[in-house]
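Engineer: Protein chains in written order, with the numbering used here: chain A, -17 to 121; chain B, -17 to 121; chain C, -17 to 121.
Note that the Cβ used here is the ideal one computed from N, Cα and C, for glycine as well.
Got a structure for you, questions after.
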Amino acid sequence: MKQALKTLSVPTRGKGLYELTKDVLAFLVGADPRQGLLTLYCRHTSCSLLVQENADPDVRRDLDAYFDRLVPEGMDFIIHTLEGPDDMPAHIRAALTQTSLSIPVTDGRAVLGTWQGIYLFEHRTRPHRREIVLHYIGD
Amino acid sequence: MKQALKTLSVPTRGKGLYELTKDVLAFLVGADPRQGLLTLYCRHTSCSLLVQENADPDVRRDLDAYFDRLVPEGMDFIIHTLEGPDDMPAHIRAALTQTSLSIPVTDGRAVLGTWQGIYLFEHRTRPHRREIVLHYIGD
Amino acid sequence: MKQALKTLSVPTRGKGLYELTKDVLAFLVGADPRQGLLTLYCRHTSCSLLVQENADPDVRRDLDAYFDRLVPEGMDFIIHTLEGPDDMPAHIRAALTQTSLSIPVTDGRAVLGTWQGIYLFEHRTRPHRREIVLHYIGD
C-alpha cells in the first residue's frame, strides 16, 4: 500500500467555478497509482467542491445564476453580516454543495465520467487563495 | 490490505430514486471484507447518489416532488437548454446532492442505519444507462 | 497499514448544529495516525454532517434560519406526514447536506482548515440519540 498527499493552492477572483481537473490528474500521475482511492478536501467554509459537466461553459454560468437566486445576498433574516453581504450566503452555498469528494482509481486513472470535470466552487466576491488537499491511498 | 472495484450499470426510466442497496451489498459480499471503507462514485453530472429512508415509498415521492419545485424546468434565466428543458435542472440537482458516498465497513458489513437505503437519484426524463463505481479498501 | 473504527453516540435536543470536532480529534489521537484518511458516516436519514465555521455562533443560527425557509414545515404537497410535520422536511434537509465526509490526515492531524468545525446537523424537533461512525485507514 502507498499514499500520497498534496495541497493545491488555488487563486480565485470572485464567485464561480474554477476547474481543478488537470491539477488533480497531475497529482495522480505523480503518485503512480494502480488501484486505490483519491480524496479531495476543501479547507474552507465559503467555497466548496463540485463535479460538473466540463463541455459547455453555459452549464457553469447557469449553476452560478441558480445559486445567486437560491442563496441571494441581502436576505433580511441574516445576522452574520460583519464580513460582508456575500459571507453568510457563501457559508450556506458551501453547506449545499460538497466539502469532500472521493473518486476511485483503477488502472492508474480516476474513474471520472467522460464529461466530468472537478471544480472549486468559489462563493466569495473578493479574490482568495484556497487550499484543496489531495490524498491518495491504494497500490 | 485488499481492494475490490466494480462498475454497476443501472438502467433508469425517468426522474426518481432507484435503489442500489442490494447490488452494493452483493459487491461487498464478493469482496469478503472484514474492516474497511466502501466508496460509491457516480460517473455522471445529471444524476447523483443519495442515502435515504427505505421504509415508506412516500418519502421518495416527496423528495421527487420537492426537487421538482426547488429546481423546476423552465427557469427563465437558464441558457444551457440545447439538451432539453430537463438537462440544466438535472445538473443543478446533481450539484445539490452527492457525487460520491463513503461508508465504513466493520465485521464484514457496511454500517448502514436500520432505515437507510442507497439510491441513484436520476434527474433526466428519458431512459439512461448509468455507471456507478463501487470501491472497497480494507482488510 | 492500520485502521480504527468508533461509533459516536450524540444526543440532540432539537434542530440545529452540534459540534463533533473534539470527539473526532480524540478518536484520531487514539488511532495514533501518521498519514491516512478519516471518514465520518451518519447512520440516519433525518440528520446529516456538515463542516462549517466554528468562530461566530451566528453562522450556525443563520444556517438554521435559512434551512427553515428553504425546507419549511407544512409544504402542502407532502404526503409522508405520519411521523410528524418535521419528518419529511428532515429527510429533504439530509438530502441537501452530507451523509458522509472524508478528511485526509497528515503528520497525525486531520487537515481541517483554521475555522472549520465538524457538525452533526439535526433536522428533527424532538430529542434523538444519533450514531456517527468514525473510520480511519492509513499508517
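Run through chain C and tell me which residues come within less than 9 Å of A/Arg108, C-beta to C-beta.
Structural biologist: Neighbours of A/Arg108 on chain C: none; closest Cβ ~16 Å, over 9 Å.
Engineer: Going by DSSP, what residues sit across from A/Val115 in a beta bridge?
Structural biologist: A/Thr(-11) and A/Tyr23
Engineer: Answer yes or no: does any C-beta atom of chain A fall closer than 8 Å to that of C/Gly56?
Structural biologist: no
Engineer: How is the alpha helix (DSSP H) around C/Thr3 delimited, first residue to last?
Structural biologist: Thr3 to Ala13
Engineer: Would you call the stretch 44 to 63 of chain B and the stretch 9 to 27 of chain B touching, i.e. three or more CB-CB distances under 8 Å?
Structural biologist: no
Engineer: Please name the residue in B/Leu102, B/Arg108, B/Ala13 and B/Asp68 whose C-alpha comes closest to that of B/Ser(-9).
Structural biologist: B/Leu102
Engineer: Taking buried to mean at least 16 other C-beta atoms within 10 Å of its own C-beta, is C/Phe59 buried or exposed?
Structural biologist: A residue is called buried once 16 or more other Cβ atoms fall within 10 Å of its Cβ, and C/Phe59, having fewer, is exposed.
Engineer: Any C-beta of chain A sitting closer than 8 Å to the C-beta of C/Pro86?
Structural biologist: Cβ-Cβ to chain A under 8 Å: yes for C/Pro86.
Engineer: For C/Leu125, go through chain B and note every residue whose CB falls closer than 9 Å to its CB, in chain order.
Structural biologist: Here chain C comprises residues numbered -17 to 121, so residue 125 of chain C is not present and cannot be evaluated.
Engineer: If we call anything under 8 Å between Cβ atoms a contact, is A/Trp97 one with A/Glu35?
Structural biologist: yes
Engineer: Take B/Thr(-6) as the anchor and find which of B/Gln(-15), B/Asp121 and B/Glu104 has the nearest alpha-carbon.
Structural biologist: B/Glu104
Engineer: Could you check if B/Asp69 is buried or exposed, using at least 16 other CB atoms within 10 Å of its CB as the buried criterion?
Structural biologist: buried
Engineer: With distances taken from CA atoms, which of A/Gly(-4), A/Lys(-3), A/Gly(-2) and A/Gly12 is nearest A/His117?
Structural biologist: The alpha carbon of A/His117 has as its nearest neighbour, out of A/Gly(-4), A/Lys(-3), A/Gly(-2) and A/Gly12, the alpha carbon of A/Gly12.
Engineer: My guess is that C/Phe9 and C/Lys(-12) are in contact by the Cβ rule of under 8 Å, so how many angstroms apart are they, rounded?
Structural biologist: About 5 Å; that satisfies the 8 Å criterion.
Engineer: Could you tell me how far apart the beta carbons of A/Val33 and A/Ile74 are, in whole angstroms, since I believe they sit closer than 8 Å?
Structural biologist: Wrong, their Cβ atoms sit about 20 Å apart, outside the cutoff.
Engineer: DSSP state of A/Arg16, grouped into three classes?
Structural biologist: DSSP places A/Arg16 in coil when its eight states are reduced to three.
Engineer: Terminal residues of the continuous alpha helix (DSSP H) containing A/Pro132?
Structural biologist: The structure shown has nothing for residue 132 of chain A, since chain A only spans -17 to 121.
Engineer: For B/Val93 versus B/Arg25, is the C-beta distance shorter than 8 Å?
Structural biologist: Pairing B/Val93 with B/Arg25 gives a Cβ-Cβ distance that is not under 8 Å.
Engineer: What residue does the beta strand (DSSP E) around C/Val87 start on, and which one ends it?
Structural biologist: Residues Ser82 to Thr88.
Engineer: At the level of alpha carbons, what is the spacing between C/Ala37 and B/Gly(-4)?
Structural biologist: 44 Å
Engineer: Let me know the secondary structure DSSP gives A/Phe59 once reduced to three states.
Structural biologist: coil
Engineer: Should A/Ser82 and C/Ser84 be called a contact, given that it needs their Cβ atoms to be closer than 8 Å?
Structural biologist: yes
Engineer: Compute the distance between the beta-carbons of A/Val53 and A/Pro67, then report whether it is under 8 Å.
Structural biologist: no
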